[in-house]
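Chemist: Quick one: the structure is below, and I'll ask about it shortly.
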Amino acid sequence: MDHNATHLITRDAQAKEAWSSDISLVTHERHIVKKMIWLYFGLLLMEGALRKWILPGLATPLLVVRDPVAILIIFYAVRKGLWTPGIYTLLIWATTILSFATALILGHGNVLVALYGLRITVIQFPLIFVIGAILNKEDVLVLGRVLLWICIAMTILVAIQFYSPQSAWVNRGVGGNMAGSGFSGAAGFYRVPGTFSFTNGLSLFYGLAAAFIFYFWAAGENEKVSRVVLVLSSCALLAAIPLSISRMLLFEIVLSALFLIIISFRNPRFIKKFLVLAIIILLLFSVIGKFEFFQTASSAFTERFTAANEVEGGMEGVLVDRLLGGMITAITNENFTFWGAGLGMGTSGGAELLMGDKRGDYLIAEDEWGRIIGEMGLILGLILVGVRIILSFRLLHRSWVTIKKNNILPWMLMSFGFANILQGQWSQPTNLGFVVFIGGLVIASFNEQKASYEDHSV
1 MDHNATHLIT RDAQAKEAWS SDISLVTHER HIVKKMIWLY FGLLLMEGAL
51 RKWILPGLAT PLLVVRDPVA ILIIFYAVRK GLWTPGIYTL LIWATTILSF
101 ATALILGHGN VLVALYGLRI TVIQFPLIFV IGAILNKEDV LVLGRVLLWI
151 CIAMTILVAI QFYSPQSAWV NRGVGGNMAG SGFSGAAGFY RVPGTFSFTN
201 GLSLFYGLAA AFIFYFWAAG ENEKVSRVVL VLSSCALLAA IPLSISRMLL
251 FEIVLSALFL IIISFRNPRF IKKFLVLAII ILLLFSVIGK FEFFQTASSA
301 FTERFTAANE VEGGMEGVLV DRLLGGMITA ITNENFTFWG AGLGMGTSGG
351 AELLMGDKRG DYLIAEDEWG RIIGEMGLIL GLILVGVRII LSFRLLHRSW
401 VTIKKNNILP WMLMSFGFAN ILQGQWSQPT NLGFVVFIGG LVIASFNEQK
451 ASYEDHSV
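Residue 1 is where the sequence shown starts when you use full-length UniProt numbering, and the numbers rise one by one after that.
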């Protein structure tokens with residue numbers, strides 16, 4: 001073998017070794033970010049527990065406990081070349097910076113309030129795409145399997161809270177408030193929050209769990225999940241409906257069922273699975289319905305469901321208010337100014353900073369689109385609303401197309417993600433956390449093997 005051939009072989013071996021080393025380094029760096037994403041998820045689930053039971057004296061700063069983790073994830077991912085900001089992120093960043101300036105010059109003028117509003121879209125929103133770039137479908141399924149176990153434990157906690165007095169330790173409110181964490185329910189029972197600060201977090205948790213539970217039933221033997229755990233988590237989900245006294249939880253479960261029905265019409269093989277699932281649900285209901293604890297909770301849930309529907313104008317009023325979020329009102333409200341009242345003013349945290357009390361009132365609007373346009377003004381507000389509309393519908397469309405590739409996971413996750421990405425209340429930290437996480441999981445579930453690094457690939 002001549003000298004040139006030996007040199008080429010040596011150089012080729014060195015190149016392969018360098019390439020292998022680079023791949024190993026990228027894998028290691030990606031693994032680090034994955035750990036940080038799991039930390040974010042853990043804090044999302046336990047933020048309320050920290051604020052109520054573990055560190056009640058730090059309840060206020062713990063409200064934004066996930067922000068430092070989000071900053072670290074974004075910084076590390078960009079620095080290591082694992083993610084590049086795309087058109088969605090760059091547009092939202094530019095819009096937010098302009099809105100921050102108008103808030104100080106033409107709006108409320110409070111820097112802290114403006115910063116509190118800025119963190120929503122500058123820090124949290126991009127995390128949707130970072131999670132989507134770092135995780136893949138298998139990572140999402142691992143999280144889903146873990147969620148099945150958490151669902152069982154959460155329902156046990158909810159049952160204890162439901163039947164315990166508001167003065168009990170398990171029902172203490174934010175900051176260790178002895179008045180309790182429950183909200184008005186029915187029949188002498190309260191709507192309890194589980195490990196979360198407020199009841200909305202519990203509804204969102206079960207909405208996410210429902211999407212995974214329906215997926216695992218539909219996927220059948222194709223996914224490695226314990227049937228015993230799946231049945232127990234399904235029972236826990238069904239039991240949570242009356243125990244939570246939450247209509248929103250029921251709507252989220254129904255929405256997941258509707259998404260499964262839709263793909264059953266597209267793919268006949270899912271019709272059999274859906275019928276089997278329907279029979280299983282009826283059997284589970286008939287079994288747990290015999291227990292007194294379930295019957296008592298069901299009576300309270302029925303009473304609240306009936307009373308609340310009458311107040312809100314029946315099912316039509318509930319669906320319009322909760323799923324459409326006052327979209328028309330947001331544009332036609334005569335009290336909104338062209339440049340808006342100022343970033344952050346429409347959040348409960350911003351209201352507390354401005355008003356100096358802890359009433360948690362909404363100074364602009366309680367519905368999401370009204371808050372955005374009321375804060376940012378007509379032009380900048382509509383840009384943010386437009387991005388959310390485009391993103392939610394593009395994810396929905398891509399999820400639908402992916403069904404042809406025998407991947408129904410994105411579609412089932414969108415049963416929870418679509419409405420929340422479109423008009424979920426980002427002003428509330430727990431809501432925002434679930435929107436960020438489900439958005440990232442949907443994008444990640446498209447990645448059968450490796451991820452895409454830019455958010456404009458959605």
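Glycine included, C-beta positions come from ideal geometry on N, C-alpha and C. Every value quoted in this text rests on a predicted model; they were computed, and no experiment measured them.
Could you spell out the range, first to last residue, of the alpha helix (DSSP H) harbouring residue 216?
Modeler: Taking the sequence shown and counting its residues from 1, the one referred to as residue 216 is at position 216. Run containing residue 216: 199–219, per the alpha helix (DSSP H) assignment.
Chemist: Are the region 130–142 and the region 155–164 touching, with three or more C-beta to C-beta distances below 8 Å?
Modeler: The region 130–142, when compared against the region 155–164, does not touch it at the 8 Å Cβ threshold.
Chemist: Give the C-beta separation of residue 92 and residue 129 to the nearest angstrom, bearing in mind that I take them to be a contact with Cβ-Cβ under 8 Å.
Modeler: Position 92 of the sequence shown, counted from the first residue, corresponds to residue 92. Position 129 of the sequence shown, counted from the first residue, corresponds to residue 129. No, residue 92 and residue 129 are not in contact; Cβ-Cβ is about 11 Å, not under 8 Å.
Chemist: Does the region 96–111 touch the region 337–347, meaning 3 or more C-beta pairs lie closer than 8 Å?
Modeler: Because the criterion of three Cβ pairs below 8 Å is met, the region 337–347 and the region 96–111 touch.
Chemist: Give the straight-line distance between the Cα atoms of residue 269 and residue 402, rounded to the nearest whole angstrom.
Modeler: Stepping through the sequence shown from its first residue, residue 269 is reached at position 269. Stepping through the sequence shown from its first residue, residue 402 is reached at position 402. Rounded to whole angstroms, residue 269 to residue 402 spans 16 Å at the Cα level.
Chemist: Quick one: residues in its chain with C-beta nearer than 8 Å to the C-beta of residue 74, no 5 flanking neighbours on either side, listed in chain order?
Modeler: Here residue 74 is taken as the residue at index 74 of the sequence shown, counted from 1. Closer than 8 Å at Cβ, skipping near neighbours: 83, 123, 126, 127 and 130.
Chemist: So residue 79 is in the alpha helix (DSSP H); what residue range does that whole segment cover?
Modeler: Within the sequence shown, numbered from 1, the residue matching residue 79 stands at position 79. First-last of the alpha helix (DSSP H) with residue 79: 66–79.
Chemist: Using the beta-carbon count (16 or more within 10 Å), is residue 267 buried or exposed?
Modeler: By one-based count along the sequence shown, residue 267 stands at place 267. Answer is exposed; the Cβ neighbour count stays below 16.
Chemist: Taking Cβ to Cβ, would you say residue 196 is nearer than 8 Å to residue 48?
Modeler: Stepping through the sequence shown from its first residue, residue 196 is reached at position 196. Stepping through the sequence shown from its first residue, residue 48 is reached at position 48. Taking 8 Å as the Cβ cut-off, residue 196 and residue 48 qualify as a contacting pair.
Chemist: Suppose the cutoff is 6 Å on Cβ atoms and the five residues either side in sequence are ignored; what does the same chain contact list for residue 154 look like?
Modeler: Here residue 154 corresponds to residue number 154 of the sequence shown, with the count starting at 1. Around residue 154: 194.
Chemist: By how many angstroms is the C-alpha of residue 174 removed from the C-alpha of residue 57?
Modeler: Here residue 57 corresponds to residue number 57 of the sequence shown, with the count starting at 1. Here residue 174 corresponds to residue number 174 of the sequence shown, with the count starting at 1. Their backbone Cα atoms lie some 9 Å apart in a straight line.
Chemist: Alpha carbons only, please: which of 51, 375, 240 and 219 is nearest the one belonging to residue 263?
Modeler: Start at 1 with the first residue of the sequence shown, and residue 263 comes out as number 263. For residue 263, the nearest C-alpha among the options comes from 219.
Chemist: What separation, rounded to the nearest whole angstrom, lies between the Cα atoms of residue 80 and residue 71?
Modeler: Numbered from its first residue, the sequence shown carries residue 80 at position 80. Numbered from its first residue, the sequence shown carries residue 71 at position 71. Between residue 80 and residue 71, the C-alpha separation is close to 14 Å.
Chemist: Short of 8 Å in beta carbon distance, which residues of its chain neighbour residue 157, apart from the five on each side in sequence? Order them along the chain.
Modeler: As a first step, residue 157 is located in the sequence shown; it is residue number 157 there, counting from the start. Excluding positions up to five away in sequence, the list reads 170, 194 and 195.
Chemist: State the DSSP-derived secondary structure class of residue 430, mapped to helix, strand or coil.
Modeler: Indexing the sequence shown from 1 puts residue 430 at position 430. Three-state result, residue 430: helix.
Chemist: Go ahead and label residue 60 buried or exposed: buried means 16 or more other beta carbons lie within 10 angstroms of its beta carbon, across all protein chains shown.
Modeler: By one-based count along the sequence shown, residue 60 stands at place 60. Exposed: under 16 other Cβ atoms inside 10 Å.
Chemist: So the beta strand (DSSP E) residue 191 belongs to, where does it begin and stop?
Modeler: Here the question's residue 191 lines up with position 191 in the sequence shown. 189–191 is the extent of the beta strand (DSSP E) around residue 191.
Chemist: Considering only their Cβ atoms, is the gap separating residue 392 from residue 421 smaller than 8 Å?
Modeler: In the sequence shown, residue 421 corresponds to position 421, counting from 1. In the sequence shown, residue 392 corresponds to position 392, counting from 1. For residue 421 and residue 392, yes; Cβs fall inside 8 Å.
Chemist: Short of 7 Å in beta carbon distance, which residues of its chain neighbour residue 200, apart from the five on each side in sequence? Order them along the chain.
Modeler: In the sequence shown, residue 200 corresponds to position 200, counting from 1. Here the set comprises 428, 430 and 431.
Chemist: Between 165, 151 and 244, which lies nearest to residue 212 when the distance is taken from Cα to Cα?
Modeler: On the sequence shown, position 212 is the one that residue 212 refers to. Answer by Cα proximity: 151.
Chemist: On a Cα-Cα basis, can you pick out the residue from 50, 103 and 412 that is closest to residue 65?
Modeler: For the purposes of this step, residue 65 is identified with residue 65 of the sequence shown, where counting begins at 1. The candidate whose alpha carbon is nearest that of residue 65 is 50.
Chemist: Taking the straight line between their C-alpha atoms, what separation do you get for residue 167 and residue 192?
Modeler: Residue numbering aside, residue 167 sits at position 167 when the sequence shown is read from its first letter. Residue numbering aside, residue 192 sits at position 192 when the sequence shown is read from its first letter. Each residue's Cα considered, the two are about 13 Å apart.
Chemist: By Cβ distance below 7 Å, which residues in the same chain neighbour residue 425 in space, the five residues on each side in sequence not counted?
Modeler: In the sequence shown, residue 425 corresponds to position 425, counting from 1. Contacts found: 368 and 431.
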